[in-house]
Amino acid sequence: METAFLGANIITPFRIVKNGILTTKENKIYHVGPEDKIDVSNFHKIIDVHNKYIVPGFIDLLVHGGAGGFGFSDGSDESIKKISDYFLKKGSTSILASLHAKHKQDLLDDLSRVAKFIKNNPESNIIGIHMEGPYLNSELKGAMNEEYLWKPTIESFQEMWEASEQTIKMMTIAPELDGALDVIREASFHGVVCSIGHSTASYEVVDFAIDNGAAHVTHMFNAMKPINHRNPGVAVAALLRDELKIQLIADTYHVHPATMEFLIKSKTPKGIILITDSIRVGGMHEGEETQFSDQKVTLSGNKAVMDDGTIAGSTLTLNRAIKNVIETTGAKITDAVRMATVNPAKVVKLDKGILASGKTADFVVLDKEFNVEMTIKNGVIVYSKENIS
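In the numbering used here, the protein residues as written are 1 to 389.
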């Protein structure tokens with residue numbers, strides 16, 4: 001069925017088509033252009049979205065949970081579905097289900113369960129797994145449970161790869177650990193994007209890791225040492241090396257707005273990917289408690305915090321991340337949207353993130369405050385704030 005969306009400002013995201021029309025045919029975008037250039041009189045359905053934005057569907061590379069208390073590590077298909085639906089309502093048409101370290105058999109069971117959900121639900125917004133760990137440095141474990149971290153070996157990676165039915169798309173790893181570079185090479189050989197994180201690596205180790213497969217940096221400035229002018233490490237390497245794309249949790253808590261502005265100016269918008277790192281507290285209420293990696297987490301002042309004050313993931317959604325970046329750093333809307341759409345699409349090799357004829361019809365209608373009005377996936381309206389006849 002052919003559908004036309006009329007009158008929005010369309011963020012492609014490389015430019016803005018003002019008072020534009022976007023049409024879909026089956027599961028793809030058919031037209032994009034100014035309202036006065038396209039005849040929609042013969043379309044089956046016409047939807048008026050004047051005074052709205054249309055942006056590509058958001059692509060979130062790090063999501064542990066949300067929906068008011070659900071996590072991908074829960075051991076339940078119901079949790080996976082709840083999280084999927086929650087993020088569709090927030091405009092994320094593609095997400096990586098993120099898992100954290102556990103004892104070996106428990107983690108292998110998590111990988112197998114999420115993989116089976118992905119295989120059995122090909123229309124879901126869950127496109128693969130981000131394995132955050134288990135090869136992380138205990139010195140910078142953040143909210144991870146130290147007793148669950150593993151020693152890097154090719155054999156244990158292969159066990160995870162097989163349990164995941166080859167659905168691991170990304171893995172966060174500390175390259176300075178003994179055996180980590182062997183794992184990075186093996187994972188990269190299988191097409192897994194290896195991301196440096198929870199790491200004390202020196203600049204030189206990061207440099208070597210890049211040549212052996214590392215291509216990404218997990219939640220920039222979080223769970224890494226600050227910049228040291230005499231002993232540069234992960235942070236300096238992430239900023240200097242164009243081979244590395246960096247993730248940013250733009251909730252204004254994990255990274256100060258001035259530092260976010262610095263990142264955008266130094267790394268440029270093409271090198272940054274907005275993520276949520278959302279955990280179970282996403283969608284919960286102030287003061288409510290949950291767990292992350294068998295450790296208590298409380299929602300306090302919109303932050304997910306552990307008893308020792310450590311920030312544990314976030315409550316963020318990507319529509320809010322875009323709004324935060326624009327309002328606190330002065331970034332252009334096209335750049336902010338780019339960081340949540342086409343940039344992550346390129347990282348995990350999706351033919352998405354751009355609004356143009358022939359592209360998959362994954363897009364979001366936002367109001368002027370960046371609230372999600374509609375989410376369209378594969379040309380189908382999967383969420384609408386208002387009833388659409």
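Ideal Cβ positions, reconstructed from N, Cα and C, are used throughout, including at glycine. It should be emphasised that the depicted structure is a prediction, and the values quoted were computed from it without experimental measurement.
When the options are compared against residue i, the one with the closest alpha-carbon
i, options, result
"Leu96", "Asn371, Pro34, Ala345", "Ala345"
"Tyr203", "Ser195, Ala235, Ile173, Gly197", "Ala235"
"Asp242", "Asn222, Val255, Asp207", "Asp207"
"Glu123", "Lys332, Leu88, Ile154, Ala258", "Leu88"
"Ile249", "Lys225, Tyr86, Lys303", "Lys303"
"Asn319", "Val382, Gly7, Ser92", "Ser92"
"Met131", "Leu140, Lys169, Val281, Gly179", "Lys169"
"Arg15", "Val40, Tyr53, Lys25, Phe5", "Tyr53"
"Met260", "Asn222, Ser293, Gly287, Glu186", "Asn222"
"Pro232", "Ile264, Gly213, Ser199, Thr218", "Ser199"
"Thr167", "Val192, Thr153, Ile184", "Val192"
"Val347", "Val325, Lys323, Ile272", "Ile272"
"Asp110", "Ala163, Leu177, Ile376, Thr290", "Ala163"
"Glu146", "Leu299, His103, Val305", "His103"
"Ile38", "Tyr383, Phe292, Gly20", "Gly20"
Reduced DSSP category for residue i - H, G, I as helix; E, B as strand; rest coil
i, result
"Gln166", "coil"
"Asp207", "helix"
"Thr276", "coil"
"Ile127", "strand"
"Thr23", "strand"
"Gly33", "strand"
"Ser389", "Summary for Ser389: the model assigns pLDDT 48, below 50, so the residue's position carries little reliability; its value from the coordinates is reported in the next sentence. If DSSP states are grouped into helix, strand and coil, Ser389 belongs with coil."
"Ile154", "helix"
"Ile326", "helix"
"Ser138", "helix"
"Met160", "helix"
"Lys18", "strand"
"Glu369", "coil"
"Leu149", "coil"
"Lys319", "It should be noted that the sequence gives Asn, not Lys, for residue 319. In this structure, Asn319 counts as helix in the three-state DSSP scheme."
"Asn120", "helix"
"Asp39", "coil"
"Met374", "strand"
"Thr12", "coil"
"Gly65", "strand"
"Ala4", "strand"
"Val382", "strand"
"Lys28", "strand"
Exposed unless 16 or more other CB atoms sit within 10 angstroms - verdict on residue i
i, result
"Gly65", "buried"
"Phe189", "exposed"
"Ile227", "exposed"
"Ser357", "exposed"
"Thr268", "exposed"
"His31", "buried"
"Asp351", "exposed"
"Ala201", "buried"
"Pro175", "buried"
"Lys151", "exposed"
"Gly283", "buried"
"Gln105", "exposed"
"Asn120", "exposed"
"Asp251", "buried"
"Ser389", "Here Ser389 scores only 48 on pLDDT, less than 50, and its place in the model is too uncertain to base an answer on."
"Lys141", "buried"
"Pro34", "exposed"
"Val325", "buried"
"Glu139", "exposed"
"Glu386", "exposed"
"Ala237", "buried"
Integer-rounded CB distance, given that residue j should sit under 8 Å from residue i
i, j, result
"Gly71", "Ile279", "7 Å"
"Ile29", "Leu355", "6 Å"
"Glu2", "His50", "Wrong, their Cβ atoms sit about 20 Å apart, outside the cutoff."
"Thr334", "Ile11", "6 Å"
"Phe58", "Val364", "7 Å"
"Ala67", "Ile83", "5 Å"
"Phe370", "Lys323", "4 Å"
"Thr341", "Pro56", "4 Å"
"Asp362", "Asn378", "7 Å"
"Asp182", "Ile154", "5 Å"
"Met160", "Leu108", "7 Å"
Cβ of residue i within 9 Å of any chain D Cβ
i, result
"Val236", "No chain D is part of this structure, which consists of one protein chain only."
Contact test: residue i Cβ vs the ligand MG heavy atom, cutoff 8 Å
i, result
"Val234", "As presented, the structure is devoid of all ligands, the ligand MG included, so that no description of it is given."
What ranges does the beta strand (DSSP E) occupy inside the segment 170–226, keeping only unbroken runs of at least 3 residues that lie completely in it? 193–196, 214–217
Could you tell me which uninterrupted alpha helix (DSSP H) segments, each at least 4 residues in length, are contained entirely in the segment 70–116, listed from first to last along the chain? 77–89
Starting from the N-terminal side, write out each stretch of the alpha helix (DSSP H) that is 4 residues or longer and does not extend beyond the segment 328–362. 333–338, 342–347
Quick one: which unbroken beta strand (DSSP E) runs of 3-plus residues sit fully inside the segment 232–310? Chain order, please. 245–249, 272–275, 289–292, 295–300, 303–306
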